[in-house]
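>
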Amino acid sequence: MPMLLQHSGDGGLYGELLQNRAFQKVTPGTSASLTAWAGLNSNSHIAVVAANVPVSSALPNALSLTAGTTSTVGITNSGYFGINVQSNWTYHGSFYFRFPSAPSQAVSGDFTVGMLNSAGTAVAAASYAFTSSSSWQQITFRFTPTSTPSGTANLFFVQLPGSLVTSGGGSVQFAMLTCFPPTFKNRINGMRLDISNALLAMNPGFFRFPGGNNLEGQTAASRWLWSNTVGSLCCVDRTYQGYINTDGLGLYEYLQWIEDMNMEPIMAVWAGYSLDGTSQAQSALGPYIQDAINQIEFAIGDASTNQYAAIRASMGHSAPFALTYIEIGNEDFFATSSYDSYRWSAFYTALNAQFPQLKFIATSATSGFVPSVTGPAPKFWDLHIYSNPNFFTNGAYNFDILPRNGLQFFQGEYATTTTNSGSRIAYPFIDGSIAEAAYMAGFDRNSDIVFAASYAPLLNHVSSTQWTPNLVTFTPNSLILSTSYYVQQMFGVYKGDTYLNSTTNAASSPVQWSVTKNTSGNQLFLKAINTGTSTNTIVFTLPSSITILSTAGTGSILTAAAGTMNTPSSPNAAVPKSITFTAGKTITYNTPPLSASVLIVSAK
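If you want our numbering, it's the position in the sequence shown, counting the first as 1, plus 670.
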């Protein structure tokens, strides 16, 4: 699942390359307002100003450029801690400009837009004609670099002759500048390619969004406002976790990307609680419930009859998105009194009446995995757990012992965050990742009551870490796939549609296991996770109904020393390796210490 910490959205999954692209939520005239921006040269004088004629009501500020020369002047942007420039990519974007004191006799010339390498040499440039005006105009551009710089200390630039700035009234203002590389599925305002492809390689089944803390907001006023994320890019944004969240990655972009990734959305709605600890009074919930209804209508409503669904259609998706699950709130175990006594009931009753076809997930506390809310009993429950390796190893059978009473569980967030001695870890490490795998074997065995599970947080920009560990760490041009990523990939790719009640000799050993069947592919997936420090032998005895189609078995194993981590300096310290074995109705496998293995058997 996403958390918009550490530039996982802006500067991460969201493809936009320009940081501080619209000068929103900044104080004009301050150095902070110029984050990521600089003048092209010493004669290019820039400042963020409160525009007397803003490009839109949501974008009150602009970047003003004045010229100290008649020669070339311009502006540059350094991106989110760098920009990935590739010679085989075509970049596209746009910007708004105006000459606030344009003379009656207009001047004409060219803007040049492109990329500079770390030496200041243009590796991409394209020119676009303009005529000065005091009204806002938009330039759209495309360019393809002629070479690939060796690093990411590159700059986006816009330049023009200083003489045109002077003759055009003395200054030129810019607003809402965007620049995108090729995106996943070539979507406009789309997602970063390599991150999307890495997540796709995990064969994910669903995506929960938006990030929980982002949804809640520090206050009710700063909560995630879905309606501010749809329509034009000129939308409202707000301060979040120490940096500006543009909300360019909005409700529509999430839903479109989830569809493109062939995932199922689990969409959360705000449920009356914010991170400052405030719960809205029961009598005040009406407008918030209606806003949740409108959010759902945007996703699945009839565009011919519903105004919010019509916005979706205007953005390019006339058909409703696929949607089954709605999560009511996030981590409401921090406000159990209000959630249990009235917030869950109020939201569930209204939303279920409007959308009886949907399934609603509760987020409050449980006592012994038993919901404690009053009113309509939840049928789906979100659990969040962050702990140490011992917890996950010892919790591998947590779901095996639960009653089958109709209640289903979503392990919405989980991760090993510390060593067993309590030290916080910077990156997932083998000891923790193998413990997570043992815990996940319990998901396989109990898939009748565990309908979904997701590691969190998902993404982390290496230059903006606010929480550790994370599944995937990235730079502007590279990914570091963690040991936990490979565990998640193992369970995602080798995921059957039927659980087989096979027998093993592993009951008293540190080996967790599961056996699932992919019916359409005539495959069995036998997972064996050894959390111990020595080799353990597991013997699988398959059901008599199974027919082995080939004795040549293949598989994959992840194993290394307990403290091994994949880091920026050592990104491949622990990666899966291929294995072979002899398949049969009985399979004996020696599990190495601290290992997660999957054995693939051709069978029906």
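For every residue, glycine included, the Cβ atom is placed at its ideal position computed from N, Cα and C.
Since the structure is predicted, the reported quantities are computational estimates derived from the model, not experimental observations.
1) Suppose contacts are defined by Cβ-Cβ distances below 8 Å. Is Ala732 in contact with Ala871 by that definition?
2) Beta-carbon within less than 6 Å of Leu853's beta-carbon, same chain only, minus the 5 sequence neighbours each way: which residues are those?
3) Which partner residues of Ser764 appear in the DSSP bridge assignment?
4) Do the region 1004-1016 and the region 977-989 make contact, defined as three or more Cβ pairs closer than 8 Å?
5) Rank Thr1143, Gln1159 and Thr1207 by C-alpha distance to the C-alpha of Pro1123 and give the top, closest one.
6) Going by the beta-carbon positions, is the gap between Val1142 and Asn873 smaller than 8 Å?
7) Output the distance between the C-alpha atoms of Ala702 and Trp927, rounded to the nearest integer angstrom.
8) Please specify which runs of the alpha helix (DSSP H), each continuous and at least 4 residues long, are wholly inside the region 1030-1110, giving them in chain order.
9) For Leu1128, which option in Val1120, Ser1042 and Ser1154 has the closest C-alpha, if you only look at C-alpha atoms?
10) Excluding five sequence neighbours on each side, which residues of the same chain lie with their C-beta closer than 6 Å to the C-beta of Ser636?
11) Taking Ile716 as the reference, give the member of Ser734, Ser988 and Ser727 with the closest Cα.
12) Report back the beta-carbon spacing between Ala944 and Gln888 to the nearest angstrom; my notes put them in contact at under 8 Å.
13) Work out the CA separation of Ile998 and Leu1269 for me, nearest whole Å.
14) Among Ala992, Gly1202 and Val828, which one has its Cα closest to the Cα of Glu929?
15) Going by other Cβ atoms of all chains shown within 10 Å of its Cβ, with 16 needed for buried, is Asp1118 buried or exposed?
16) Comparing the CB of Ala845 with every heavy atom of the ligand NAP, is any distance shorter than 7 Å?
17) Please determine if the region 788-797 and the region 746-754 are in contact, where contact requires at least 3 C-beta pairs separated by less than 8 Å.
18) Going by beta-carbon coordinates alone, are Gly832 and Ser771 separated by less than 8 Å?
19) According to DSSP, is Trp927 part of a helix, a strand, or is it coil?
20) Per DSSP, which residues does Trp1183 bridge with? Please list them.
21) State the Cα-Cα distance for the pair Asp1167 and Thr1224, rounded to the nearest angstrom.
22) Is Ser1190 close to chain B? Criterion is C-beta to C-beta, closer than 8 Å.
23) Helix, strand or coil: which one does DSSP assign to Ile858?
24) Let's test the definition: count the other Cβ atoms within 10 Å of the Cβ of Arg878 and tell me whether it reaches 16, buried, or not, exposed.
25) Please classify Ile1216: does DSSP put it in a helix, a strand, or coil?
26) If Pro851 and Leu687 are in contact, beta carbons under 8 Å, what's the gap, nearest whole angstrom?
27) Are there 16 or more other CB atoms within 10 angstroms of the CB of Asn1130, so buried, or fewer, so exposed?
28) Less than 8 Å between C-beta atoms, sequence neighbours within five positions excluded: which residues of the same chain meet that for Ala1230?
29) Since Thr816 contacts Val793 with CB under 8 Å, what's their CB separation in whole angstroms?
30) Using three-state DSSP, classify Asp972 as helix, strand or coil.
31) If you draw a straight line from the C-alpha of Asp1010 to the C-alpha of Glu886, how long is it?
32) Report the partner residues of Leu1269 according to the DSSP bridge assignment.
33) Using only the alpha-carbon positions, how far apart do Ile966 and Gln960 sit?
34) From Pro880 to Asn754, what distance separates their C-alpha atoms?
Taking the geometry as given:
1) No.
2) Residue 853 is actually Thr in this sequence, not Leu. Contacts found: Gly685, Gly860 and Met861.
3) Bridge partners of Ser764: Thr810 and Thr848.
4) Taking a cut-off of 8 Å on C-beta distances, the region 1004-1016 does not touch the region 977-989, as fewer than three cross pairs fall below it.
5) The question names Pro, yet the displayed sequence has Ala at residue 1123. When Thr1143, Gln1159 and Thr1207 are compared, the shortest CA-CA separation from Ala1123 is found for Gln1159.
6) No, these two residues do not count as a Cβ contact at 8 Å.
7) The alpha-carbon separation between Ala702 and Trp927 amounts to approximately 32 Å.
8) Taken in chain order, the complete alpha helix (DSSP H) segments of 4 or more residues contained in the region 1030-1110 are 1059-1064.
9) Ranking the options by Cα distance to Leu1128, first place goes to Ser1154.
10) With the chain covering 671 to 1274 only, the question about residue 636 has no answer from this structure.
11) If we check each option's Cα against that of Ile716, Ser734 comes out closest.
12) Rather than Ala, the amino acid found at residue 944 in this sequence is Ser. With a Cβ gap of about 6 Å, Ser944 and Gln888 count as contacting.
13) Rounded to whole angstroms, the separation of the alpha carbons of Ile998 and Leu1269 is 39 Å.
14) If we check each option's Cα against that of Glu929, Ala992 comes out closest.
15) Result: exposed.
16) As presented, the structure is devoid of all ligands, the ligand NAP included, so that no description of it is given.
17) As far as the Cβ criterion goes, the region 788-797 does not touch the region 746-754, which means the pair count is below three.
18) Against a cut-off of 8 Å, the Cβ pair of Ser771 and Gly832 comes out as no contact.
19) Of the three classes helix, strand and coil, the one that applies to Trp927 here is helix, per DSSP.
20) BP columns for Trp1183 point to Ala1198.
21) Rounded to whole angstroms, the separation of the alpha carbons of Thr1224 and Asp1167 is 19 Å.
22) Given the protein chain composition of this structure (a single chain), no chain B is represented.
23) Ile858 sits in coil when the DSSP states are folded into three classes, being neither helix nor strand.
24) So Arg878 ends up on the buried side.
25) Here DSSP, grouped into helix, strand and coil, assigns Ile1216 to coil.
26) In this structure Pro851 is in contact with Leu687, their Cβ atoms being roughly 7 Å apart against a cut-off of 8 Å.
27) Residue environment: Asn1130 is assigned as buried (16 or more neighbouring CB atoms within 10 Å of its CB, all protein chains considered).
28) Beyond the five residues adjoining it in sequence on each side, Ala1230 comes within less than 8 Å, by CB distance, of Ile1100, Thr1153, Ala1243, Ala1244 and Leu1264 in the same chain, given in chain order.
29) That pair is a contact at about 6 Å.
30) Coil, per DSSP.
31) Approximately 17 Å between the Cα atoms of the pair.
32) According to DSSP, Leu1269 bridges with Leu1196 and Gly1225.
33) When rounded, the distance between both Cα atoms is 10 Å.
34) Computed Cα separation, rounded: 26 Å.
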